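See below for the structure under consideration.
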Amino acid sequence: MATVVALVSQKGGVGKSTLSRALAREAAAGGLRVKVADLDTQQGTSVDWHRVRLSVGLEPVVSVEAFATAAQALAAADGFDLLVIDGPARTSQATLEIAKAASIVVQPTGASLDDLRPAVREFHALVKAGVPAQRLAFALNRIGTEGEEAAARAYLEEAGYAVLSGCLFERPAYRQAQNEGRAVTETRYVGLNAKADALLQSLIDRIGE
Ligand SMILES: Nc1ncnc2c1ncn2[C@@H]1O[C@H](COP(=O)(O)OP(=O)(O)OP(=O)(O)O)[C@@H](O)[C@H]1O
Ligand SMILES: [Mg+2]
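In UniProt numbering, the protein residues as written are 1 to 209.
Here it is, written out as C-alpha cells:
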C-alpha cells in the first residue's frame, strides 16, 4: 500500500501544486516510487509541468496523472510507495474526501491573517468531520521575512496544529524553475534550493514515522 500525502486548501494559489511536485521530486531522488495524482481536472497544472519536465529530459522522472477523485487515484496507486495528491482549490466537502484518504494532510498557507484564519478554520472543519488532528500539518509558503515566518508559525501552533519546519520565501526563481519543469529544490540558486529542501525534508521525515 502506498503512503498517501495530500496537499489541500480552499484557497487557490497557496502552493499545493508547488509542494506536490517538490515532494515527488525529492522522494523520487530518495529512491521511492512516487506518483502525483493531479485532482485539479480543470487546470491540470501538475500534468502540464510534468510534460515540460519530460520534454527537457530532467531526472528523476516522476509519474503524474490526472484523476477526478481521491478514490480513483488510490485505486491506481498499486506498485507505488508514495501517492501525492495535488488537491484542487475547492469546497470543504471535496477536501474532506481527499483528507480521509490520506495519512498526512498538508495545507500550505501564506503569512497574513487573511490567509491564516481560513486555513485554521479548514483544519478545524476536517477535525470536526473525523480526521485526526495528528495527521494535519501546515506548510508556510510565500513568506517575506524570518519575522513573518515566526509569527505565522506561532499563530498556527497556538491553534493546535503542527507546522512543518522551514518555509518557502516568495521568490521569482521558484516560479521560473517550475516554468522549466523543475521543482523548487532545483532552482539556479543553491541557497533557495537548500531552503526548499529543508521544508520538503521535514515532510519526508513525517512520512517515515
Ligand atoms: N514561494 C513562492 N515564490 C514565488 N512563487 C510561488 C511560490 N509558491 C508558489 N508560487 C507560484 O504561485 C503560483 C501558484 O502556486 P501553486 O500552483 O503551487 O498553487 P496551488 O495552491 O496549487 O494553486 P491552485 O489552487 O490554483 O491549484 C504558481 O505560479 C507558483 O509558481
Ligand atoms: Mg494547484
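All C-beta atoms in this analysis are idealised placements derived from N, C-alpha and C, irrespective of residue type, glycine included. In this text the structure is predicted, and so the values were computed from the model without any measurement.
Worksheet entry | Residue range of the beta strand (DSSP E) that includes Leu192 | Segment Val190 to Gly208 is the alpha helix (DSSP H) holding Leu192; no beta strand (DSSP E) there.
Worksheet item: For ligand 1, is there a heavy atom less than 8 Å away from the beta-carbon of Phe80?
Response: no
Practice prompt. Below 8 Å CB to CB, which residues in the same chain sit around Thr3 once its five sequence neighbours on both sides are set aside?
Written response: Asp81, Leu82, Leu83, Ser103, Ile104 and Ile207
Worksheet item: Contact between the segment 35 to 50 and the segment 107 to 123: three or more CB pairs below 8 Å?
Response: no
Worksheet item: By how many angstroms is the C-alpha of Asn179 removed from the C-alpha of Leu74?
Response: 28 Å
Worksheet item: Nearest-angstrom Cα distance between Ala154 and Ser55?
Response: 42 Å
Worksheet item: In whole angstroms, what separates the C-alpha of Glu149 from that of Lys16?
Response: Taking the straight line from one Cα to the other gives about 18 Å.
Worksheet item: Sorted by chain position, which residues of the same chain lie with C-beta nearer than 7 Å to Asn193's C-beta, five sequence neighbours on each side aside?
Response: Thr185, Glu186 and Thr187
Discussion item. Using the three-state DSSP reduction, which class does Gln134 fall into: helix, strand or coil?
Written reply: helix
Practice prompt. Taking 9 Å as the cut-off, decide whether the C-beta atoms of Gly166 and Ser112 are in contact.
Written response: no
Worksheet entry | Selection from Asp86, Gln43, Gln42 and Ala177 that minimises the alpha carbon distance to Ser63 | Asp86
Worksheet item: So Ser63 is in the beta strand (DSSP E); what residue range does that whole segment cover?
Response: Ser63 to Ala66
Worksheet entry | Distance, Arg53 Cα to Leu156 Cα | 34 Å
Discussion item. Could you tell me the alpha carbon to alpha carbon distance between Thr95 and Gln10, rounded to whole angstroms?
Written reply: 8 Å
Item to complete: Would you list, in sequence order, the uninterrupted alpha helix (DSSP H) runs of no fewer than 4 residues that lie entirely inside the segment 89 to 155?
Response: Secondary structure remark: continuous alpha helix (DSSP H) runs of at least 4 residues inside the segment 89 to 155, in chain order: 92 to 101 and 113 to 128.
Item to complete: Confirm, please, whether the CB-CB distance from Phe67 to Thr41 is below 9 Å.
Response: yes
Worksheet item: Do you know offhand how far Ala76's Cα is from Arg33's?
Response: 13 Å
Discussion item. At a cut-off of 8 Å, would you count Glu170 as near ligand 1, judging by its Cβ distance to the nearest heavy atom?
Written reply: yes
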